[in-house]
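Start counting the sequence shown at 1135; every next residue gets the next number (my numbering).
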Amino acid sequence: MINSSYLLGLYGMTDWAASSGSASGVGTPVRKAQPTAPWSSSYNVPKPDELVRTAMAGRRIVDENAAQLDVSGASSDYRKLFALYQGLETLNALNNRAGTKGVGTTELALLAKRFSAGLEEVGTYVGATELNAVRLVQGTTSALSKSTGGVPRDNANSITGPIHEGSPDSVVAAFSGDVAFGITIRQLGVTTTVPIDLADMGSTPRTLTNVLQHINGKLEATGFNTRIGREQIKAEPRTINANGKTVTLPTGPDRWALVVRGDTTETLGFTAAQTSDAVYVVQGNGLTGGHQLLKFQSDGGTAPPVTEPGIGDTHWVEGRSVQTSLPPGIETVRASATGPDGSLWIVADVVPGTGNQPIKGERDVALMKYDSAGRLVASRALGAAATASGYAIAIDADGRVAVAGSVTGALDPGKSGDVATVADSFVTVFDANASELWTQRRGARAADEATSVGFGPNGTVYVAGRAQSAIPGGSAVGGWDGYVQAFSESQAYPSAPTVATAAGTAQFGTAADDGVEAITIDGSNLYSAGVEGGRMIVRQFALGAGGAPTLTATRDLGEASGEVAGLSVSGGRVILTGTTRNQALDVGTVNTAHSGGTDAFVAVLEPDLAASAADRLTYYGTVGDDTAADVKVQDGKVWVTGVSNRAEGAKDTDPTEGYLSRLDPLTGAVEWTRTWAGDGQQAAPMTLAVAAGGASVLDRLGLPTGEIQQSDSKKLTDATSLRAGDRFYVSPANGGRSVAVTIEARDTLQTLARKIEQASRNTLKVTVASEGAPGSSTGDMQTALRTGVQRLSIMARDGKAGAVLTAGESGRNALAGLGLSQGFIGISSGTGAVRTFGLDLPRTLSLAPEAAKETGERLQAAMKAVRDAYRALAPASTKPKITGTAPAYLTAQIANYQAALSRLGG
């Protein structure tokens, strides 16, 4: 190989001359402009296993003293950047170690704990460290930040699901037969009912155009401004996969929905004289995690029968009047109930998604209200900072709603329970408008969860579940124990906040694992049912004057070999339902024998739980496995839903069919039943609820029973997952004291905007931006109102440097509930601007297997941000730019050099 220095020497050039661009005859060593970076190949970088060892030994993740600078007098910014980079390298090594095959659960737990602490350390370091020449923030950098959390705007317009497809001048099937209902309009406290009967149209074809003209004529004649219109839902092309190729199918016919165009001074509602009972089923549908709400019309009553599917319905069965997709982001649904106004409430576990209500942790509980037409009316998030699960719901005669479940991490801001990583029971009570009244978190030292809830006399709320140690007020028996707790309510004065206090606790069970799966309250008696030590146990408690439960009777029904699904009292008898493989539960007279596999069962017991000749037992099922996902009792009859006839050992992906049946618990007679399939041959009912008189002709028109709710709460604690006490910080862009912005119970977007501006010392401009409602499209999940949303919009004021938003402490981070990113908001480049770099490292990063990929990608992006900041510190060249024509001697040297290279190459 030819030495380049020798070659250059032959043709009048030297290494130092070529590298420096100097044409002088004197060469001087070039001084390094920047210290060698820790990502350079020449830097002495510790190996990943060494980084893991030092981190697990408790050494600091970010250590400025360990950062090496090989340039004398270099800016302190370099030392800080290098220390931070090495800290990120350590976090990345922990993440990679957690993903190594063969790492045990104990080590994984230790790695996760150290990673979480290290991530917190990095965030604290970045927040407290000031750089001279650049700016570094924990979050993102942007000129404009807009919250993803939105508060619904008020709107008097309400849209139904599609009720017709084709021309608006063709006959509408939904209008055929006996279609009569009333439109109620409340104005200035006076309610007027406008009767609508399509029979009054005589021989006029019942097209959209003609029917709407008939209805609006009635409304106009009464002097009201509200009108019923129509809205076109344009058909969209559909694609299918055929032999590995995507084929686009022709668009189908356009669809049409009804639109109620209301007036802000008129509150509109609908009534129907002919009604039947309605049964709502929430089910998992398909293999992709989707969920649906189904509504069935029971036989009996006076409502016209449902004889054909609605527009766009799939897998229809006779009697089903509504099919609605639930919003994305729902992980599961475990409980539902109907309110006194006929609305449906469901309790869902939700995960981070794309909606207008971002959650603060990995999983939260959402309370969702639907009207009788299957349209979403309101949604409330519990506001857990880490994870929460909802297991039970109860509604009293006044419309108050109680939700119970388990929560890990903080619920009330900054309060994570006795052990932050262990689940505690919670119960939250909402008023009829879904505003939270109170929340109680009553956990044992070990894990516990609330699995059932109910309202008792004098508004007392009862919660039951299971606990692995002593629940407050109880004594541990062994393993998992069952428990029942009572909470009483009080107010200091009529408008004061409602306060809940514990009124009594009963803890019970065996030395093995026990639990309560259902409770019901009948006057001064509370009944519980569950599996205790592998046996099916029913208990009776007397409720004292103060609400405390006292055990009075116990009934052992034998080996469980299954689980409890429901418990109620009807006609003076206790009705217990569930599933079992036990073909001989100890319940006296058997109406229908066990069919094999797992069967649903219905047991009828005396109110004192004593064995009696009047006891009855009905098994319901097929030769395969049958589930009882949920059970409700209405007018003495048992409604049960679940999956029918699954082969023993069937895979999760094997076909499943849902069923809904009504049984007479005294005779075992099956009075009504339906079975159906789902998308991808997957239908898995989860919950059911019954509404007396909740089905009518309004269902086929997509119209709800009762008044349309034209507005919802604007309080952030209602409209978002925020809880009072959550907060974040605003600090000056160029360093200085940060100011906390704390959420209060009555805060709205408007009041919060003013708080942020004040905290930023008016360097930020915060406005409430309104977005219009999207237009209808095929497959939309219809909500009750056609509303847009309002969001926060934040930017730097003209001529101001902007500010930095920092997340609140763990367990009370308001930015997550608002859907705002922490970081710098302002101008970060251009003349006079300080170059700003964001690490974008959320505190929710973890080493969980499903999160490892995202964690690694986030860490790599953060390290790149540090490298970019390093490059931005490079000093500008002090040498003047070389312009003009090159000297003749230099041109000749270059020509000689090129000639030599050509000869060597030839």
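We put the beta carbon where it would ideally sit given N, CA and C, even for glycine.
Asked                                                                                                                                                                                      : Found
Whole angstroms is fine: what's the gap from residue 2055's alpha carbon to residue 1757's?                                                                                                : Not covered by the structure: residue 2055. The range shown for the chain is 1135 to 2040.
Tell me the DSSP bridge mates of residue 1737?                                                                                                                                             : 1710 and 1751
Among residues of its own chain, excluding the 5 on either side of residue 1476, which ones have a beta-carbon nearer than 7 Å to its beta-carbon?                                         : 1506, 1825, 1828, 1839 and 1840
Residue 1531: beta carbon under 7 Å from a heavy atom of the ligand FMN?                                                                                                                   : The ligand content of the structure shown is nil, which means the ligand FMN is not present either.
Quick check on the burial criterion: 16 or more other C-beta atoms within 10 angstroms. Buried or exposed for residue 2032?                                                                : exposed
Am I right that residue 1430 and residue 1412 are in contact with their C-beta atoms under 8 Å? What's the rounded C-beta distance?                                                        : 7 Å
In chain order, which alpha helix (DSSP H) runs of at least 4 residues are fully inside the segment 1788-1875?                                                                             : 1850-1853
Thinking just about the alpha-carbon of each residue, which of 1372, 1344 and 1378 is nearest to the one in residue 1364?                                                                  : 1344
Please classify residue 1852: is it buried, with 16 or more other beta-carbons within 10 angstroms of its beta-carbon, or exposed?                                                         : buried
Decide if the segment 1715-1727 is in contact with the segment 1748-1762; the criterion is three or more beta carbon pairs, one per stretch, under 8 Å apart.                              : yes
Residue 1544 and residue 1945 - do their beta-carbons sit closer together than 8 Å?                                                                                                        : yes
Would you check if the segment 1629-1636 and the segment 1644-1654 touch, i.e. whether three or more CB-CB distances between them fall below 8 Å?                                          : no
Measuring CA to CA, which of 1938, 1925, 1890 and 1859 is closest to residue 1947?                                                                                                         : 1859
At the level of alpha carbons, what is the spacing between residue 2030 and residue 2020?                                                                                                  : 15 Å
Locate the beta strand (DSSP E) running through residue 1771, then write down its first and last residues.                                                                                 : 1771-1778
Please report how far the alpha carbon of residue 1686 lies from the alpha carbon of residue 1511, in whole angstroms.                                                                     : 43 Å
Specify, as a first and last residue, the run of the beta strand (DSSP E) that residue 1276 falls within.                                                                                  : 1274-1276
Alpha carbons only, please: which of 2000, 2027 and 1985 is nearest the one belonging to residue 1230?                                                                                     : 1985
Provide the residue(s) that pair with residue 1929 in DSSP beta bridges, ordered along the chain.                                                                                          : 1278 and 1899
Taking the alpha helix (DSSP H) that residue 1988 falls in, what are its first and last residues?                                                                                          : 1986-2006
Taking the alpha-carbon positions, what's the residue 1148 to residue 1273 distance?                                                                                                       : Any reading at residue 1148 needs caution, since the residue's pLDDT is 39, under 50, leaving its predicted position unreliable; the model's value is listed next. Distance between the alpha carbons of residue 1148 and residue 1273: 49 Å.
For residue 2025, does the count of other Cβ atoms within 10 angstroms reach 16, so buried, or fall short, so exposed?                                                                     : exposed
Among residues of its own chain, excluding the 5 on either side of residue 2042, which ones have a beta-carbon nearer than 7 Å to its beta-carbon?                                         : Residue 2042 falls outside the range modelled here, since the chain spans only 1135 to 2040, and no answer is possible.
Quick one: what does DSSP say residue 1334 is sitting in, helix, strand or coil?                                                                                                           : helix
Might you give, ordered along the chain, the residues of its own chain that have their beta carbon closer than 6 Å to the beta carbon of residue 1702, omitting 5 neighbours on each side? : 1654, 1709 and 1767
If the criterion is Cβ atoms closer than 8 Å, does the pair residue 1605 and residue 1617 meet it?                                                                                         : yes
Of all the beta strand (DSSP E) runs that stay within the bounds of the segment 1649-1735, which reach a length of 3 or more residues?                                                     : 1652-1656, 1659-1666, 1669-1677, 1683-1693, 1696-1704, 1707-1714 and 1723-1726
Given a threshold of 16 other Cβ atoms within 10 Å of its Cβ, counted over all protein chains shown, does residue 1226 qualify as buried or as exposed?                                    : buried
What does a CB cutoff of less than 7 Å around residue 1437 pick up in its chain, not counting 5 residues either side in sequence?                                                          : 1408, 1409, 1410, 1431, 1829, 1830 and 1831
List the DSSP bridge partners of residue 1425.                                                                                                                                             : 1418
Are the segment 1316-1333 and the segment 1547-1556 in contact at 8 Å, needing three or more beta carbon pairs?                                                                            : no
Within 10 angstroms of the Cβ of residue 1419, are there 16 or more other Cβ atoms? Answer buried if so, exposed if not.                                                                   : buried
Taking all protein chains shown into account, decide if residue 1371 is buried (16 or more other Cβ within 10 angstroms of its Cβ) or exposed.                                             : exposed
Counting only the same chain and skipping the five closest in sequence on each side, list residues whose C-beta sits under 6 Å from that of residue 1221.                                  : 1195, 1196 and 1256
Mind checking who residue 1361 pairs with in its DSSP beta bridge?                                                                                                                         : 1395
Taking residue 1244 as the reference, which of 1192, 1293, 1276 and 1857 has the closest Cα?                                                                                               : 1192
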